[in-house]
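Participant: For the sequence shown, the numbering used here assigns the number 609 to the initial residue and increments by one for each residue that follows. Using N, Cα and C, we set each Cβ at its ideal position, and we do this for glycine too. Bear in mind the structure is a predicted one, so any value in this text is a computation, not a measurement.
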Amino acid sequence: MENEAPNDRQREAALLASQERYERLVNTLPVMLYDSFIDATGTSRFLYVAPGPCRALLELDPDALLADMNLAWQLVHPEDIERFHQADLAANRAGREFSTEVRIITPSGRLKWLLVHSRPNPAPAGETVIWSGYLQDITARKQAVERLRETEQRLRLVVENSTNLFYIHTPDQLLTYVSPQSREFFDCEPAEAMVRWTDLITDHPLNQAGVAATQRAIETGVRQPPYSLECIGKKGRKIWVEVNETPIIEGGRTVAIAGTLTDITERRQAEKEREEYFRFFQTSTDLMCMADPDGYFLKINPAFTATLGYSAAEIAAKPILEFVHPDDRQATVEEIRRQQQAGFTDNFENRYYCKDGSVKWLSWRVTYDKTAGLAFATARDITEEQAAKATLRANEERMALALQAGNMGLYDLNLQTGEAVVNPGYALMLGYDPATFHETNARWTARLHPDDRDAVIATFRNYLRGKLPQYKVEFRQRTRDGGWKWILSLGKIMARDHQGKALRMLGVHVDIDDRKKTEAALRESEFFFRESQRAAAIGSYKADLVARYWQSSEVLDAIFGIGPDYERSIEGWLALVHPEDRDSLARYLQEEVIGQRKPFNREYRIIRNNDGVIRWVSGRGALRAEKEGQELYLRGTIQDITEQVQREEEKDKLEAQLGQIQKIESVGRLAGGVAHDFNNMLSVILGHVEMARKKETISPTLQGHLEQIQRAATRSADIVRQLLAFARKQTVAPEVLDLNATVNNALKMIGRLIGEEIELRWLPGPDLWPIRIDPSQIDQILTNLCINARDAINGIGRITLATGSFSCDELFSHHHTGLVPGDYVLLTVSDDGCGMNAETRAKIFEPFFTSKGVGEGTGLGLATVYGIVKQNDGFIDVYSEPGQGTSFKIYLPRYQGEEVPAGAAEVTEAIEGGKETVLLVEDEPDILDVGTQMLELQGYRVLAAATPGEAIRLAQEHRGEIHLLMTDVVMPEMNGRELAEKLQARYPGLRCLFMSGYTADIITHRGVLDEGVQFIQKPFTLKALGAKVREVLGA
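(1) Just verifying my parser: in three-state terms, what is the DSSP assignment at Trp1052?
(2) Pick helix, strand or coil for Ala980, following the three-state DSSP scheme.
(3) Could you pull the start and end residues of the beta strand (DSSP E) that Trp739 belongs to?
(4) So, Pro1308 versus Leu1345, is the Cβ gap smaller than 8 Å?
(5) Name the one or two DSSP bridge partners that Phe1623 has.
(6) Which residues mark the beginning and the end of the alpha helix (DSSP H) in which Gln1541 is found?
(7) Measure the beta-carbon distance from Ala911 to Ser892 and round it to whole angstroms, keeping in mind my assumption that it falls under 8 Å.
(8) Please work out which residues of its chain come closer than 7 Å, Cβ to Cβ, to Pro1042, disregarding the five sequence neighbours upstream and downstream, and give them in chain order.
(9) Quick one: give me the first and last residue of the alpha helix (DSSP H) that Met1574 is part of.
(10) Since Trp681 is in the alpha helix (DSSP H), which residue starts that stretch and which ends it?
(11) Following the continuous beta strand (DSSP E) through Glu1581, name the residue where it begins and the one where it ends.
(12) Which whole-angstrom value describes the C-beta separation of Val639 and Tyr742, a residue pair presumed to lie in contact below a C-beta threshold of 8 Å?
(13) Pick out whichever of Ser644, Leu1630, Glu1082 and Arg1104 has its Cα sitting closest to the Cα of Gly1094.
(14) Just to confirm, are Tyr904 and Phe931 a CB contact at a threshold of 8 Å?
(15) Which runs of the beta strand (DSSP E), 3 residues or longer, sit entirely within the segment 675 to 737?
(16) Taking Glu1239 as part of the beta strand (DSSP E), name the residues at either end of that continuous run.
(17) Count the other C-beta atoms from every protein chain shown that fall within 10 angstroms of the C-beta of Val724, then say buried if there are 16 or more, exposed otherwise.
(18) With a cut-off of 8 Å, does the C-beta of Glu1188 fall near any C-beta of chain B?
(19) What is the residue span of the alpha helix (DSSP H) that Leu637 lies within?
(20) I need the straight-line Cα distance from Glu620 to Arg663, nearest angstrom please.
(21) Using DSSP bridges, identify the partner residues of Arg967.
(22) Look at the Cβ atom of Asp1531, then the Cβ atom of Pro1580, and state whether they are nearer than 8 Å.
(23) Report the rounded CA-to-CA distance for Ile1362 versus Leu1562, giving the unit in angstroms.
(24) To the nearest angstrom, how far is the alpha carbon of Thr747 from that of Lys843?
(25) Judging by CA-CA distance, which residue of Asp795, Leu773, Leu1551 and Thr979 is the nearest neighbour of Gly1568?
(26) Which stretch, first to last residue, makes up the alpha helix (DSSP H) that contains Glu884?
(27) What does DSSP give as the partner residue(s) for His1117 in the beta ladder?
(28) State the CB to CB distance for the pair His1057 and Arg1084, rounded to an integer number of angstroms; the pair is presumed to be in contact (CB under 8 Å).
(29) Give the range of the alpha helix (DSSP H) segment to which Pro1501 is assigned.
(30) Quick check: the segment 1387 to 1396 against the segment 1442 to 1449, are there 3 or more CB pairs under 8 Å?
(31) Below 8 Å CB to CB, which residues in the same chain sit around Ala1513 once its five sequence neighbours on both sides are set aside?
(32) Near Arg1549, what residues of its chain come up, given a Cβ to Cβ distance below 6 Å and the 5 sequence neighbours on each side ignored?
(33) Using 8 Å as the Cβ pair cut-off and three pairs as the minimum, do the segment 795 to 813 and the segment 841 to 857 touch?
(34) Measuring only the C-alpha atoms, how far is Glu687 from Glu705?
(35) From the DSSP output, in three-state form, read off Gln1159 for me.
(36) For the beta strand (DSSP E) containing Glu943, list its first residue and its last residue.
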């Protein structure tokens, strides 16, 4: 026992020493060791914690932590506590070792990362399981990892967002890393680019040097200078890259190559463009230059010196404006200043002096570099263009005049936009105002006639597609007023794109409306029209004057009417010539053409071989000797000029008709003068006879003589009136009349016109309705129709005049266009002469048309009849056949008023006179005297004046009222109308009655009395005068 005691004390001392060493060791460790268990209540508790690490790591008191494990749980980061709790719970339940990382926040607020590791210790069944573990501070490691991650992230961002491509490849050229820029460089994902890098380049010759440089870097481990490669991507797109490579050395050898690719495609293109620009600058035919702010040229190209003739040094030594023409300098300065201020570029033109003193027109375009203060400009020599423009302007002016004269419209169509530019004639042709008219292809199409639209559009499209050699089409277009007009459209494509597609079309519209209307009217004679066109063609020939044979074209064969078998000798040609022209033409050919070597130029007649028709032709030709004069040829053309000759004959005929018209006009003027004088004399005779017969002291014998004088004077007045009607000079004053009485009064005059060999038959109809018309117009109708009938009768014949009443119904009106249903008085003039064919009947009412010979008629007679009938709302029809005579039927409207027709019943009651004052003006003293007596005989007070001036003076001197001015129309000083206007201006209530034997259109309009004009024809009877004066005063 005594021996054991020291040993126990030694063991305890050793144990304590061992424990102290353990404690010291545990407290110096960078981890906190611990033991824990779960007590009977299910609460986790620490059995042991390393004191030193507990304070350093958790900043907790070890004893406090042993007492309450929740102090440790409270340090766990809120975001990690649930995860950590679940891991701990799962390990306890499973009884297996676990390890996890968790963040804590110490009482001082520091964030730490801890590695928690724990494992259960084996224990007998039913005993408490002790868990041993440790907490390790891994904050530094976590921070290092995070820094590394951030560095990697930054590097990744740099690589991925760089415009360069990064790569690594092995010494055997296999790519092991390619950055995402492969998408832009090679049109593929990085993984798809993991190939041999030489597979990504083309076979461009320059690439061989790059491949060799990479191989040297691999072999030597020395970095090579940058080089360029042409690469090709997955889609075949080629790019140029600059390669920068660095060898990666390990163990003294190259294990890899790291490099970058920079896309230099645009840079190489820019370098190429700079080279091309310099080459263009040097070789361009345009003038190119650079100028400084002081107005001097800094650089010019060779074309500049070549154009102006100066050297580059001479041009650079002078200010720019010294080369500019003085007249253009101010405008040039202003234009440059305007462009600089406005900040835009525009073309302008000016003139430059050349070294040899000549002047060149230059067209400039300038670009300004405001930062550098430089101007870059190009110019083009447009001297020839300016001259061409001047010529073009003159041509355009001539063209505009030609288009205007030819009634043509010009269009310039943009086929891309459908917009068209047109000249004023284009718009006016369709009735539009050129100032507001806007043409487009769509509007043009909409105006096409529905019947023409499809065909026209097809022609237009086929021409644009090249299926037609030319664009020429006729169609109808709707005009502004809704009508239709025929247009001939011609056009030509003026511009196409590189694929041949039409871009622009220029053309004209020609107004062919009149031509189309003529074609429609002459469609029945289309065959003759086509033949005349063919005959108007020009044939060509070649005659061998030595061998005496000739060759001809098909058109010439048609002109001569010969076939291919016709003998083409000179004699055969002469056989076609009209016998009357043959000898003279043969002499002309032999003596002048062949003998004197003159050109052939002759008009002659031929007899067509196939039908014997005589035609006029114009032959032209020129001699040509060949084989040193052994062969002599006459080459030329022959044109059928029959129509031209006929037009000349027609011209002569029209000139003759004009002479006839002038003769008639002369007769008219003569008739007017004669009528004026005769009617004045007859007025005196009839006036005195009537007043003499009024006297009761006249014996019966003298009364009979006076009656005979009155009848003769009245018949003379009728003759003068008929003379005026014949000459179309009588004043038209419509009145209600009995047609039978009017025709009956004209029979003697008609008899004298037609002669004694022709029987005049008169068949008056019973109970005719009255009509309202000027009697002289009836005389004129009868005169023209009867003269026409007389000329149609050869020798003995008959002319029949007939009248009757006629009611026109709807059916008759339908078959006689122009005849309105209603009641008419019918006048028929028939003859048994030669008659007319349908062609003549269709033209007889046309002015100047006549079937008579030259000089035998004017062609105005029936036109005048037609005009009179239409003026009086009537209708005229003609029935005629060759050899069957002619019948003209004239329908005059029935008068529906109550006025008693003139000539039907003579008024016998006396005309009431009056006490009014009448101012009578007449320049013929005898008429003034008899007129005064006739008026005074009826109770009127008369102021007689021989001149208009005297009449004005009497009116001014007269104290009382003047009720009526009765004045002659044709007088010296002033005519009757002028006198009436002067007096009525002074005396507004003054009535006026004109008298004349010939009015000379002073108070008429084209022979018809003006509205409201009162007129009495000389000579007049006492009764007619009295009635007319009372009518005017009572109006």
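Facilitator: Working from what's here:
(1) helix
(2) coil
(3) Trp739 to Asp745
(4) no
(5) Phe1602
(6) Pro1533 to Leu1545
(7) 6 Å
(8) Pro1032, Ala1035 and Leu1036
(9) From DSSP, Met1574 is part of no alpha helix (DSSP H) but of the beta strand (DSSP E) over Leu1572 to Asp1576.
(10) Asn678 to Trp681
(11) Premise fails: Glu1581 is in no beta strand (DSSP E) and is neither H nor E.
(12) 4 Å
(13) Note on residue identity: the sequence assigns Trp, not Gly, to residue 1094. The residue with the shortest Cα to Cα distance from Trp1094 is Glu1082.
(14) no
(15) 706 to 713 and 719 to 728
(16) Glu1239 to Asp1248
(17) buried
(18) No chain B is part of this structure, which consists of one protein chain only.
(19) Counting along the chain, Leu637 falls outside any alpha helix (DSSP H), and DSSP gives it neither H nor E.
(20) 29 Å
(21) At residue 967 the sequence reads Val, which differs from the Arg that was named. Partner(s): Tyr961.
(22) yes
(23) 52 Å
(24) 51 Å
(25) Leu1551
(26) Thr873 to Thr891
(27) Gly1017 and Ser1097
(28) 4 Å
(29) Premise fails: Pro1501 lies in the beta strand (DSSP E), Thr1494 to Pro1501, not in any alpha helix (DSSP H).
(30) no
(31) Confidence at Ala1513 is low in this model, with a pLDDT of 39, below 50, so its placement is unreliable and the value that follows should be read with caution. Excluding positions up to five away in sequence, the list is empty.
(32) Thr1525
(33) yes
(34) 23 Å
(35) strand
(36) Premise fails: Glu943 lies in the alpha helix (DSSP H), Pro934 to Ala950, not in any beta strand (DSSP E).
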